[in-house]
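Asker: Per the working numbering, the very first residue in the sequence shown carries number 70; after that it's consecutive.
Positions of the beta carbon are idealized from the N, C-alpha and C atoms, including for glycine.
Please read through the structure below; I'll follow up with questions.
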Amino acid sequence: MLCAVYKGPKAPDTYLFVPGHAALDEVPENVRQGFGPLEHVMDLVLTPERRLARIHACDLMRRLLRDGCFIQMPPEDDREPREM
Numbered sequence: 070m071l072c073a074v075y076k077g078p079k080a081p082d083t084y085l086f087v088p089g090h091a092a093l094d095e096v097p098e099n100v101r102q103g104f105g106p107l108e109h110v111m112d113l114v115l116t117p118e119r120r121l122a123r124i125h126a127c128d129l130m131r132r133l134l135r136d137g138c139f140i141q142m143p144p145e146d147d148r149e150p151r152e153m
């Protein structure tokens, strides 16, 4: 499965994964707005054997097929604390 990865200035260290065949206008607008202007980072070929840093490739493929996109958030430890 081909997958495209994007990032945006409003969501540092957060990435949007979409199936390679999907157009960005297929991603819900509220998701796109949360990122700001999207910048293409890379394309990946996903296989069950593929090793990824934060999600198993099989889980990512299932989510892309089910939901049409996947948002990879930074690990909790890397997030900046929010003011209350």
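Assign K79 to buried or exposed, taking buried as 16 or more other Cβ atoms, counted over all protein chains shown, within 10 Å of its Cβ.
Answerer: As a first step, residue 79 must be located in the sequence shown, where it is residue number 10. Exposed, because fewer than 16 other Cβ atoms sit within 10 Å of the Cβ of K79.
Asker: Can you tell me where the beta strand (DSSP E) with A73 in it begins and where it stops?
Answerer: Looking up residue 73 in the sequence shown gives position 4. From DSSP, the beta strand (DSSP E) with A73 extends over 71 to 76.
Asker: Look at E108 and Y75 and say whether their C-beta atoms are less than 8 Å apart.
Answerer: By 1-based counting over the sequence shown, the position of residue 108 is 39. By 1-based counting over the sequence shown, the position of residue 75 is 6. Yes. Within cutoff.
Asker: Counting Cβ pairs closer than 8 Å, one from the stretch 90 to 98 and one from the stretch 112 to 132, do we hit at least three?
Answerer: Too few Cβ pairs lie closer than 8 Å, so no.
Asker: Restricting to Cα atoms, I'd like to know which of D112, Q141, D136, G137 is closest to H125.
Answerer: In the sequence shown, residue 125 corresponds to position 56, counting from 1. Of D112, Q141, D136, G137, the residue nearest in Cα terms is Q141.
Asker: Would F139 and F104 be called neighbours here (beta carbons separated by less than 8 Å)?
Answerer: As a working note, residue 139 is residue 70 in the sequence shown. As a working note, residue 104 is residue 35 in the sequence shown. Not a contact, by the Cβ cut-off of 8 Å.
Asker: Tell me which residues share the same chain as P81 and place their Cβ nearer than 7 Å to its Cβ, disregarding the 5 neighbours each side in the sequence.
Answerer: Start at 1 with the first residue of the sequence shown, and residue 81 comes out as number 12. So no residue of the chain qualifies.
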